[in-house]
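Student: Structure in structure tokens, see below.
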Amino acid sequence: MKYIFEALNWASSFLKEAGRDENAGELLLRHQVNMERSTLLSNLRMVLSDEQILAFEKSVKAHVDGVPVQHLIGYEEFYGRRFKVNKEVLIPRPETEELVEGILVRARDLFKGQDQIELVDIGTGSGAIAITLSLENHSFVVRAVDIAAESIEVARENATLLGADVEFLHGDLLEPITYQKVATGRKIDILVSNPPYIPDWEIETLSTVVKDYEPLRALAGGEDGLDFYRRIITDMKEVVNPTALIAFEIGAGQGEDVKHLLQQAFPEAEVEIAYDINGKDRMVFGVLDSRN
């Protein structure tokens, strides 16, 4: 027999000893007993069944071995919504919520009064960015691209579960968007991407929770981490409208490089490096405004 508070204390000590986040135990136990945090904390003297204890201890040990908590519980929270995740998609990060917020704020000013705003998310993964933007602004007509069919399957499931209207396209970066533009003349008002941006040489230095369980295709960005920015920026010239918003998530320290790439391709653009809540350069926004 074990009380909830005893299980939490055991997990906290076990995780701390192993160098893992002590708070992971609470998330895993909440999942096991299907309780919100407030309910769990108000039931600390509730007795757990033997089956619950065994399953909980197994999940804690799996996390110590490197399995991400999100894979063990099957989801991650993003912008107040629950997204399914697995080994085929990058787990959404809190910093990416700031990218979404930055797009929503800038789009309100740039496209004021526009009924339909064409938005494309490149490298959608779980669909967190595309789905969130679709649900937060119903003027957005959202398309999302990924090179992996397995990722698109997860993203489609998330869109269905959350009731989002997103068109998912299988292909390499902007290729499917370019094909559609040639066929229909359809162009982009907002282009957003959180591409792989970790330099190849850094991959081996990552935590096992990341490098062994998240897809390499969503992490490795080439020798300097900038390969995908170069490709996207080169290809987007043909598909963005004269008035457009470009939004990238970047790795810390890459702001000036990505800003330079955008300014080279679009000398008339107003380009801004934005910093996350931790004070790191985390986003680059480019605004093309044909009204000026």
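Residues in the sequence shown are numbered from 1 upward in steps of one, following this note's numbering.
C-beta: ideal position from N, C-alpha, C; glycine also.
Because the structure is a prediction, the values reported are computed rather than measured.
#1: Are the beta-carbon atoms belonging to E88 and E150 less than 9 Å from one another?
#2: Tell me which residue opens and which closes the beta strand (DSSP E) that R82 is part of.
#3: Based on the DSSP output, what are the partners of I53 in its beta bridges?
#4: Report buried or exposed for I277, applying the criterion of at least 16 other Cβ atoms within 10 angstroms of its Cβ.
#5: Quick one: grab the DSSP three-state call for K2.
#6: Give the straight-line distance between the Cα atoms of I293 and K187, rounded to the nearest whole angstrom.
#7: If we count the other Cβ atoms within 10 Å of its Cβ and call it buried at 16 or more, is M283 buried or exposed?
#8: Straight-line CA distance for I365 to K259?
#9: Determine the direct distance from the alpha carbon of Q180 to that of P94, and round the result to whole angstroms.
#10: Consult DSSP for I246 and reduce its assignment to one of helix, strand or coil.
#11: Quick check: what's the CA-CA separation for E256 versus L41?
#12: In chain order, which continuous runs of the alpha helix (DSSP H) of length 4 or greater are located wholly inside the region 7-82?
#13: Please report the distance separating the alpha-carbon of I103 from that of A128.
#14: Is H170 helix, strand or coil by DSSP?
#15: Any idea what DSSP makes of R93, helix, strand or coil?
#16: From which residue to which residue does the beta strand (DSSP E) around F111 run?
#17: Which one of E223, P195, G225, E175 has the shortest CA to CA distance from K237?
#18: From what residue to what residue does the beta strand (DSSP E) around F266 run?
#19: Count the other C-beta atoms from every protein chain shown that fall within 10 angstroms of the C-beta of P195, then say buried if there are 16 or more, exposed otherwise.
#20: Using three-state DSSP, classify E118 as helix, strand or coil.
#21: Should T39 go down as buried or exposed, given a rule of 16 or more other Cβ atoms within 10 Å for buried?
#22: Could you tell me how far apart the beta carbons of A155 and G125 are, in whole angstroms, since I believe they sit closer than 8 Å?
#23: Any idea which residues DSSP pairs F140 with across the strands?
#24: Taking the straight line between their C-alpha atoms, what separation do you get for Y213 and L90?
#25: Determine, using beta-carbon pairs with one atom in the region 197-205 and one in the region 135-148, whether at least three such pairs fall under 8 Å.
#26: Do L173 and D235 have their beta-carbon atoms positioned less than 9 Å apart in this structure?
#27: Mapping DSSP to helix, strand and coil, what is S193?
#28: Which residues bound the alpha helix (DSSP H) around V287?
#29: Can you tell me whether Q70 is buried or exposed? The criterion is at least 16 other CB atoms within 10 Å of its CB, across all chains shown.
#30: Pull up the DSSP beta-bridge partners for V240, would you.
Tutor: For this structure:
#1: The residue labelled residue 88 in the question sits at position 88 within the sequence shown. The residue labelled residue 150 in the question sits at position 150 within the sequence shown. Going by C-beta atoms, E88 is nearer than 9 Å to E150.
#2: Numbered from its first residue, the sequence shown carries residue 82 at position 82. R82 -> beta strand (DSSP E) spans 81-84.
#3: Locating residue 53 in the sequence shown gives position 53, where the first residue counts as 1. None; I53 has no bridge partner.
#4: Residue numbering aside, residue 277 sits at position 277 when the sequence shown is read from its first letter. Exposed, by the Cβ-count rule.
#5: Start at 1 with the first residue of the sequence shown, and residue 2 comes out as number 2. K2 falls in the strand class under three-state DSSP.
#6: Residue 293 lies beyond the residue range present for the chain, which begins at 1 and ends at 292; the question has no answer from this structure.
#7: Taking the sequence shown and counting its residues from 1, the one referred to as residue 283 is at position 283. Buried, since its Cβ has 16 or more Cβ neighbours within 10 Å.
#8: This structure cannot settle anything about residue 365, because the visible part of the chain is limited to 1 through 292.
#9: Here residue 94 corresponds to residue number 94 of the sequence shown, with the count starting at 1. Here residue 180 corresponds to residue number 180 of the sequence shown, with the count starting at 1. Rounded to whole angstroms, P94 to Q180 spans 32 Å at the Cα level.
#10: Locating residue 246 in the sequence shown gives position 246, where the first residue counts as 1. Three-state result, I246: strand.
#11: As a working note, residue 256 is residue 256 in the sequence shown. As a working note, residue 41 is residue 41 in the sequence shown. Taking the straight line joining both Cα atoms gives about 45 Å.
#12: 24-33, 37-41, 50-64, 69-73
#13: Here residue 103 corresponds to residue number 103 of the sequence shown, with the count starting at 1. Here residue 128 corresponds to residue number 128 of the sequence shown, with the count starting at 1. So the alpha carbons of these two residues sit roughly 14 Å apart.
#14: Residue numbering aside, residue 170 sits at position 170 when the sequence shown is read from its first letter. Reduced to three states, the DSSP call for H170 is strand.
#15: On the sequence shown, position 93 is the one that residue 93 refers to. DSSP places R93 in coil when its eight states are reduced to three.
#16: In the sequence shown, the residue the question calls residue 111 occupies position 111. It is not in any beta strand (DSSP E) - F111 carries neither H nor E in the DSSP assignment.
#17: The residue you call residue 237 lines up with position 237 of the sequence shown. Measuring from the Cα of K237, the nearest candidate turns out to be E175.
#18: Within the sequence shown, the letter at position 266 stands for residue 266. Per DSSP, F266 belongs to no beta strand (DSSP E) and is neither H nor E.
#19: For the purposes of this step, residue 195 is identified with residue 195 of the sequence shown, where counting begins at 1. Per the 10 Å Cβ criterion, buried.
#20: Numbered from its first residue, the sequence shown carries residue 118 at position 118. Strand.
#21: On the sequence shown, position 39 is the one that residue 39 refers to. Under this definition T39 is an exposed residue.
#22: For the purposes of this step, residue 155 is taken as residue 155 along the sequence shown, with counting starting at 1. For the purposes of this step, residue 125 is taken as residue 125 along the sequence shown, with counting starting at 1. Contact flag correct, Cβ pair sits at about 7 Å.
#23: Translated into the one-based positions of the sequence shown, residue 140 becomes position 140. According to DSSP, which records beta bridges pairwise, F140 is partnered with I117.
#24: To locate residue 213, count along the sequence shown from 1; it is residue 213. To locate residue 90, count along the sequence shown from 1; it is residue 90. Answer to the nearest angstrom: the Cα atoms are 9 Å apart.
#25: no
#26: Within the sequence shown, numbered from 1, the residue matching residue 235 stands at position 235. Within the sequence shown, numbered from 1, the residue matching residue 173 stands at position 173. Taking 9 Å as the Cβ cut-off, D235 and L173 qualify as a contacting pair.
#27: For the purposes of this step, residue 193 is taken as residue 193 along the sequence shown, with counting starting at 1. It is a strand residue.
#28: Numbered from 1 along the sequence shown, position 287 holds the residue referred to as residue 287. From DSSP, V287 is part of no alpha helix (DSSP H) but of the beta strand (DSSP E) over 281-288.
#29: As a working note, residue 70 is residue 70 in the sequence shown. Buried: at least 16 other Cβ atoms inside 10 Å.
#30: Residue 240 sits at position 240 when you count from the first residue of the sequence shown. DSSP, once it has assigned bridges, lists I188 as partnering V240.
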